[in-house]
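Q: Please see the structure below; I have some questions.
There are 2 protein chains.
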Amino acid sequence: MTAAGKHQVGRAHGRRLGRAGIRDVAAAAGVSITTVSDALNGKGRLPDATRRHVREVADRLGYRPSAAARTLRTGKSGLIGLTVTTYGEEPFTFTEFAYFAEMARAASSAALARGYALVILPGSTRQSPYDVWSNVALDGTVVIDPSDRDPVVTELVRQGIPVVSDGRPCGDLPVTAWVDNDHEAAVTGLLDHLAAAGARRIGLLTGTSTDTYTRLSTKAYLRWCERAGQDPVYEAYPAHDPCAGAVAADRLLARPDRPDAVYGLFDPNGTDLLAAARRYGLRVPDDLLLVCCSESAVYAGTEPPITTLSLKPGRIGTTVVQLLIDAIEGTGGGRPVQRIMPTDLIVRTSSQRRRARTTVSAPRSPEDRGRS
Amino acid sequence: MTAAGKHQVGRAHGRRLGRAGIRDVAAAAGVSITTVSDALNGKGRLPDATRRHVREVADRLGYRPSAAARTLRTGKSGLIGLTVTTYGEEPFTFTEFAYFAEMARAASSAALARGYALVILPGSTRQSPYDVWSNVALDGTVVIDPSDRDPVVTELVRQGIPVVSDGRPCGDLPVTAWVDNDHEAAVTGLLDHLAAAGARRIGLLTGTSTDTYTRLSTKAYLRWCERAGQDPVYEAYPAHDPCAGAVAADRLLARPDRPDAVYGLFDPNGTDLLAAARRYGLRVPDDLLLVCCSESAVYAGTEPPITTLSLKPGRIGTTVVQLLIDAIEGTGGGRPVQRIMPTDLIVRTSSQRRRARTTVSAPRSPEDRGRS
DNA sequence: GTGAAAGCGCTAACAG
DNA sequence: CTGTTAGCGCTTTCAC
């Protein structure tokens, strides 16, 4: 009775006018709060009549359960973090805007479909426990391109929160799962495509950073060159610098051993290379074949349209979220904790030397059908 | 003592190995939990020594405060909802992808800068109190283009949660604040621009829906025609249907009173109109001047580049979030609860009749730099 | 200056 | 089948 009494007092005193609580519903429906909880959550074994009645009363009072209380009690928030590497305070890397936008859209969609919502979080933590990261209760987190020994990931894992990464983690970062493209296969296939179109010396525009995407792609290029008996011809630049790309493209085409085909690893490289080609009076695709890795629709409309390698960020986003939610809910079952996703070469005029039809759609591998 | 005893038991029993709680820190530091809380939050009047000591111990134990508990206690979650109108389960309308992506990026950035995080939520609620919307504790919400009597907004407002909308609300939707472009001024300015370039009869590609953007823009067009003494020439189509735009564009150029300039209200209209012009053998800009409203970089690269009206979604996103957080924190002060934002006409070849240089890059306002 | 106690609103044991 | 009770982990009066 004492405890009950205290509750009563608490209610009477703390009664907020704005929102009805579970107790108000219980009182109005003439049942206990447990019954209300069970009726609304579809738990317990209540007669349908009670359930209906409670629901009706709750509805009438405009009752909304407190998400905070439920989260505290159950330990589940229904929230998934999405971190995006940040340059200069802005989420999303500018040069890869289209990739992130599409990936995030798909991820959000997939999360929502399973009853979770995505929270956009910055790529870094202030060490202080009082930044955004520790102010939100996360059931799990998606990390895009985690760096070697990423402090955010490390901390998350230490807290026992599942982390799934887009892009295979560098080093021994202990993520729960990861999803990535088969960058070697993608680059190899694309170089074969260029060779088939008549390229004799293929150049590469690559980055100076050590992330896995850059590393694996470059390695694949070098390996391909070795196999093909071609001397590698490449320029590397800091990919996060928007101007450096143009300079590097120029340098690449100014070389004495000028390539007759180029693959650019980063989104703006298509534009960069096109501009450089123009400066040197090189016609695309006649004098120079061009491909770049990009999700941007821009390259369908350039003159000429440029062949792009799509990493299919939408699929990656969806998969990453599925894996994460499986881990959260323990639905994972088996242990295929890493997933390799196909890429898509969208062949356009810039990489077809002979009588290039201006095709918009790409040759697709059979695996592609229906997957999106 | 009984209560304390109970706590002890609770601890001893419920002690989870993964995470240290505030009690663990208190015990380890030899102080009370109040002191820990105060020390960590910078509240109370503790000697610096105590404060430092507690922080150190907390750090050593890897203590992280529980966001859920704090939210429950304080009633503030630091979370801001972002709703995006949805067609077919996908967040973001495809035809306005670039707008939403940029708006969301800016909004997220602005929120993070003030210590809040953005949660992406669907445009609709299941009436049931157990969907994503009621599973997350929101301090406020940003709504993009709320429809007349939007149920989500209505419910949110009923709960006393601040709502700021991007786009002025239709009807008497009681949002806390809104931000919008001056659509009349934008359309008028753009039509003047076309007239100055030599247009004699300007057509409009518009939508059939009743949202304010469509309505205001169309009205501005009609008014301009009246003032200019020109008969309106327009086609309306359901803007959410990706194919209907192409058909409407075709219809517009097939009319006996064919316009010599066209403004398309929606993002894909530039492409639609360009294709239609080609079918009828009309050269752009010589026979037909073209402008469309879009945030997409595609139109800088088309042949010819197309003049676009940018609504500056980035600025809108930033402003919306500022207003919302002001409302949440009661920092608002005055009552300028609605804000009109400028638009930006990016003039390219398609709207310049005389001696149009085939520039690849567009004249850009200084603010544009770095936009990808 | 510091600590004890009272809950925030809910769910899950467990007792009837 | 339904109700009572004990907290989830934190912040916050209010005593000391």
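In the order they appear, the protein sequences are chains A and B.
Following our numbering, the numbering of the first sequence begins with 72 at its first residue and continues without gaps.
Following our numbering, the numbering of the second sequence begins with 72 at its first residue and continues without gaps.
Where a beta carbon is used, it is the ideal one built from N, C-alpha and C, also for glycine.
As the structure is a prediction and not an experimental result, all values here were calculated from the model.
1. V223 of chain A and P245 of chain A: beta carbons closer than 7 Å?
2. Within the same chain, show all residues whose beta-carbon is closer than 6 Å to that of T378 of chain B, passing over the 5 residues directly before and after it, in chain order.
3. Leaving aside the five residues before and after A91 of chain B along the sequence, list all residues of the same chain whose C-beta is less than 7 Å from its C-beta, in chain order.
4. Helix, strand or coil for D415 of chain B? Go by DSSP, reduced to three states.
5. Mind checking whether I215 of chain B and S179 of chain A have CB atoms under 7 Å apart?
6. If the criterion is Cβ atoms closer than 7 Å, does the pair L344 of chain B and W295 of chain B meet it?
7. How is A91 of chain A classed by DSSP in three states: helix, strand or coil?
8. Please report whether the beta-carbon of V207 of chain A lies at a distance below 7 Å from any beta-carbon of chain B.
9. Taking 7 Å as the threshold (beta carbon to beta carbon), is E374 of chain A in contact with chain B?
10. How should K114 of chain B be labelled, buried or exposed, when 16 other C-beta atoms within 10 angstroms of its C-beta is the threshold for buried?
11. Just the chain A side, please: which residues come within less than 8 Å of G186 of chain B by C-beta, in chain order?
12. Provide the residue(s) that pair with P193 of chain B in DSSP beta bridges, ordered along the chain.
13. Between G149 of chain B and chain A, is there a C-beta pair that is closer than 7 Å?
14. Where does the unbroken beta strand (DSSP E) through Y305 of chain B begin, and where does it stop?
15. Counting only beta-carbon separations shorter than 7 Å, does V369 of chain A have a partner in chain B?
16. Closest to N252 of chain A by CA distance: which of A:A138, A:D312, A:G388 is it?
17. For R424 of chain B, which residues from the same chain have a beta carbon less than 6 Å from its beta carbon, with the 5 sequence-adjacent residues on both sides left out?
18. Is R424 of chain B helix, strand or coil by DSSP?
19. Report the three-state DSSP secondary structure of Q409 of chain A (helix, strand or coil).
20. Considering just the uninterrupted stretch of the beta strand (DSSP E) at T212 of chain B, what are its terminal residues?
21. When the cut-off is 7 Å and only beta carbons count, does A91 of chain A lie next to chain B?
22. Is the Cβ of G76 of chain B closer than 7 Å to any Cβ of chain A?
23. For the region 309–388 of chain A, list the beta strand (DSSP E) runs that are entirely contained and at least 3 residues long, ordered along the chain.
24. Is it the case that the Cβ atoms of V391 of chain A and D243 of chain A are separated by a distance below 7 Å?
25. Give the interface partners of L227 of chain A over in chain B, defined as CB-CB distance under 9 Å, in chain order.
26. State the DSSP-derived secondary structure class of K77 of chain A, mapped to helix, strand or coil.
27. Determine the closest residue to F337 of chain B out of B:L353, B:S288, B:R144, B:R141, with distance taken between C-alpha atoms.
28. To the nearest angstrom, how far is the alpha carbon of G278 of chain A from that of Y284 of chain B?
29. Would L360 of chain A and A348 of chain A qualify as a contact pair, given that the criterion is a beta-carbon distance under 7 Å?
30. Which same chain residues, not among the five before or five after A182 of chain B, have their C-beta less than 8 Å away from its C-beta?
31. So, L293 of chain A versus P309 of chain A, is the Cβ gap smaller than 7 Å?
32. Please tell me whether T164 of chain B and P339 of chain B are closer than 7 Å, where the distance is taken between their beta carbons.
33. The beta strand (DSSP E) with A248 of chain A in it runs from where to where?
34. Here's the rule: buried if 16 or more other CB atoms are within 10 angstroms of the residue's CB, otherwise exposed. What is S103 of chain B?
35. Mapping the DSSP letters down to three states, classify L143 of chain B as helix, strand or coil.
36. Reducing DSSP to helix, strand and coil, say where T277 of chain A ends up.
A: Answer, in terms of the structure:
1. Not a contact, by the Cβ cut-off of 7 Å.
2. Counting only Cβ-Cβ distances below 6 Å, and skipping sequence neighbours, we find V362, V418, R419, S421, S422.
3. Apart from the 5 residues on each side of it in sequence, A91 of chain B sits with its Cβ closer than 7 Å to the Cβ of L132, G133, Y134 in its chain, given in chain order.
4. Assignment of D415 of chain B by DSSP, reduced to helix, strand and coil, places it in the strand class.
5. Not in contact: I215 of chain B and S179 of chain A (Cβ atoms no closer than 7 Å).
6. In this structure, W295 of chain B does not lie closer than 7 Å to L344 of chain B by Cβ.
7. Secondary structure of A91 of chain A (DSSP, three-state): coil.
8. Taking a beta-carbon distance threshold of 7 Å, V207 of chain A counts as an interface residue toward chain B.
9. E374 of chain A counts as touching chain B.
10. That one is exposed.
11. Correct list: D202, V203, N206.
12. P193 of chain B pairs with B:V155.
13. Yes, G149 of chain B lies at the interface with chain A (some Cβ there is under 7 Å from its Cβ).
14. It spans 304–308 - the beta strand (DSSP E) in which Y305 of chain B sits, taken as one unbroken run.
15. Cβ-Cβ to chain B under 7 Å: yes for V369 of chain A.
16. Looking at the Cα atoms, A:G388 is the closest of the given residues.
17. Same-chain partners within the cutoff: A268, G269, P356.
18. In the three-state reduction of the DSSP assignment, R424 of chain B falls in the coil class.
19. Here Q409 of chain A carries a strand assignment [DSSP, helix/strand/coil].
20. Run containing T212 of chain B: 211–215, per the beta strand (DSSP E) assignment.
21. Not an interface residue.
22. With a pLDDT of only 33 at G76 of chain B, under the threshold of 50, the placement of this residue in the model should not be trusted; the figure read from the coordinates follows. Not closer than 7 Å to any Cβ of chain A, the Cβ of G76 of chain B fails to qualify, so no.
23. For the region 309–388 of chain A, whole beta strand (DSSP E) runs of length 3 or above, ordered along the chain, are 332–335, 360–364, 378–381.
24. Contact flag unset, no.
25. By Cβ distance, chain B contributes nothing, its closest Cβ being about 10 Å from L227 of chain A, past 9 Å.
26. The predicted model places K77 of chain A with a pLDDT of 34, which falls under 50 and marks its position as unreliable, so this point remains unresolved.
27. When each option's Cα is compared against that of F337 of chain B, the closest is B:S288.
28. Taking the straight line from one Cα to the other gives about 43 Å.
29. Not a contact, by the Cβ cut-off of 7 Å.
30. Exclusion of the five residues before and after A182 of chain B leaves I151, A188, L189, V392, I396 as the residues of its chain whose Cβ lies within less than 8 Å of its Cβ.
31. Going by C-beta atoms, L293 of chain A is not nearer than 7 Å to P309 of chain A.
32. The answer is no: Cβ separation not under 7 Å.
33. First-last of the beta strand (DSSP E) with A248 of chain A: 248–252.
34. Exposed is the call here.
35. Three-state result, L143 of chain B: helix.
36. Strand, per DSSP.
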